[in-house]
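Since the structure comes first, as structure tokens, the remarks are kept for the end.
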């Protein structure tokens, strides 16, 4: 592995010394038109979103927007009436505002739904607030439940003292909420007993951002390097699986050179359980490799690499040029997977932390360009095994779609939905700027699979 990493470093040095125009091919621009639905009723300062998009059986969508300096905001969108409802400002809801403490600035998880149509999620802080505010002042993360019929949001219980959730799943068989927290521990909330249990540690330096459960009630996540952990509720045991290994390209370098031990490229970035095939489909962090994990194929399951879902311009180049993958993945009703990677450089909204800035600078140097991280839409046909880049995503009014933090398929209308940063031309609606250069706001985006395929050209 060390020799392979050294070889990768040599490839990078070669790429850095090559003329920029020879690094990445330039192809004719294809576009996919999407409709934008603005967020209304919140603070207007929400500037990020990770995973927090869920399509309920009712047809409505639930979204969690984030800030690094104020509050997470919870929204409901009704596609039938095209109305956006602001449900809650979590900092206000939890009584944190004005106390000089760290606040609940993020909903970083895809929500879950019970048989009664109630929506569940967890929150967390992660450096929300000025550095001069004591991190220990944060009161801790909580489990939430929202009842759409009563329009009532409630706190079910506290998850732990400090560490909020980055992964979440509602498991219906055992009636539990599972949350993967910043401290590397897996937590479970029993919906019948109303109790929270720390099930133990599943990772060390970092954690994966999405977890899933299978039909038997088992819960899965990934850990370094390219490994899978499993929680078996029948045995009440956490297991580090030995045989299944995630597809890793050793030529891919760490996400940032400032902090290489936190290398999210060796985890799956996003994963989704498919109840039709009874397998999980996921995307690797390093090169956007799509893979299938069948937990029932063999004693510990089998991982099968399928195809890279990065932008097409990267398919024939060095894999270290591929930008870090996004969380925008969904399995649509037409049995196709849709994924929205970025076209250039790394994307982390307006992130100003030193490791994010280092990542952007490094990937821009590798790519030989400084450009906004625009999104493209890529399709994978589960029946034929064919992938196709449908085009760069554009709003109907011509605005560019920057990086996206989540995707889902509408349960009633079958539409594709995404949430993320979009080009903002109205100074009054600017939430933040990417690299202090490109102003953006947050938006919910929609398009039909048929429209996307039609604009992308003939198969």
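In our numbering, the protein residues as written are 48 to 506.
Cβ coordinates follow ideal geometry from the N, Cα and C atoms, glycine included.
With a cutoff of 7 Å on beta-carbon distance, residue 425 and residue 356 are scored as near each other. Shown here, residue 185 sits in coil according to DSSP, grouped into three states, outside any helix or strand. For the region 316-371, the continuous beta strand (DSSP E) assignments of 3+ residues that do not extend past its boundaries occur at 326-331, 336-341, 349-355, in sequence order.
In this structure residue 274 touches residue 288 by the C-beta definition: roughly 7 Å separates them, less than 8 Å.
Sorting 450, 347, 318 by C-alpha distance to the C-alpha of residue 371 places 450 at the top. Contact between the region 83-95 and the region 461-480 is present: 3 or more CB-CB pairs across the two stretches fall below 8 Å. Cβ atoms of residue 107 and residue 123 come within 8 Å of each other, at about 6 Å.
The secondary-structure analysis by DSSP pairs residue 160 across a beta bridge with 166.
Secondary structure note for residue 375: it is in no beta strand (DSSP E), with a DSSP letter that is neither H nor E. Annotated three-state conformation of residue 501 is helix, per DSSP.
Just measuring C-alpha positions, the residue of 351, 327, 233, 243 sitting nearest residue 376 is 327. In this structure residue 447 does not touch residue 474 by the C-beta definition: roughly 17 Å separates them, more than the 8 Å allowed. In this structure, residue 143 and residue 186 form a Cβ contact; the two beta carbons are roughly 7 Å apart against a cut-off of 8 Å. The shortest CA-to-CA distance from residue 129 to any of 460, 322, 253 is the one to 460. Contact check between the region 212-219 and the region 251-265: three or more CB pairs, one atom from each, fall below 8 Å, which counts as touching. About 17 Å separates the beta carbons of residue 166 and residue 188, which is beyond the 8 Å limit, so they are not a contact pair.
The straight-line gap separating the alpha-carbon atoms of residue 458 and residue 296 is approximately 36 Å. Per DSSP, residue 178 lies in no alpha helix (DSSP H) and is assigned neither H nor E.
Distances from the alpha-carbon of residue 100 to those of 489, 496, 502, 202 put 489 closest. Measuring C-alpha to C-alpha distances from residue 150 to each of 156, 484, 170, 132 identifies 170 as the nearest.
Exposure of residue 183 is indicated by the presence of fewer than 16 other C-beta atoms within 10 angstroms of its C-beta.
Around the CB of residue 146, fewer than 16 other CB atoms lie within 10 Å, so the residue is classed as exposed. Spanning the alpha carbons of residue 238 and residue 329 requires a straight line of approximately 28 Å. Non-local beta-carbon contacts of residue 241 in its own chain, meaning distances under 8 Å to residues more than five positions away in sequence, involve 203, 204 in chain order. Approximately 14 Å separates the beta-carbon atoms of residue 121 and residue 190; this is outside 8 Å, ruling out the contact. In the DSSP annotation of this structure, the continuous segment of the alpha helix (DSSP H) that includes residue 138 starts and ends at 137-140.
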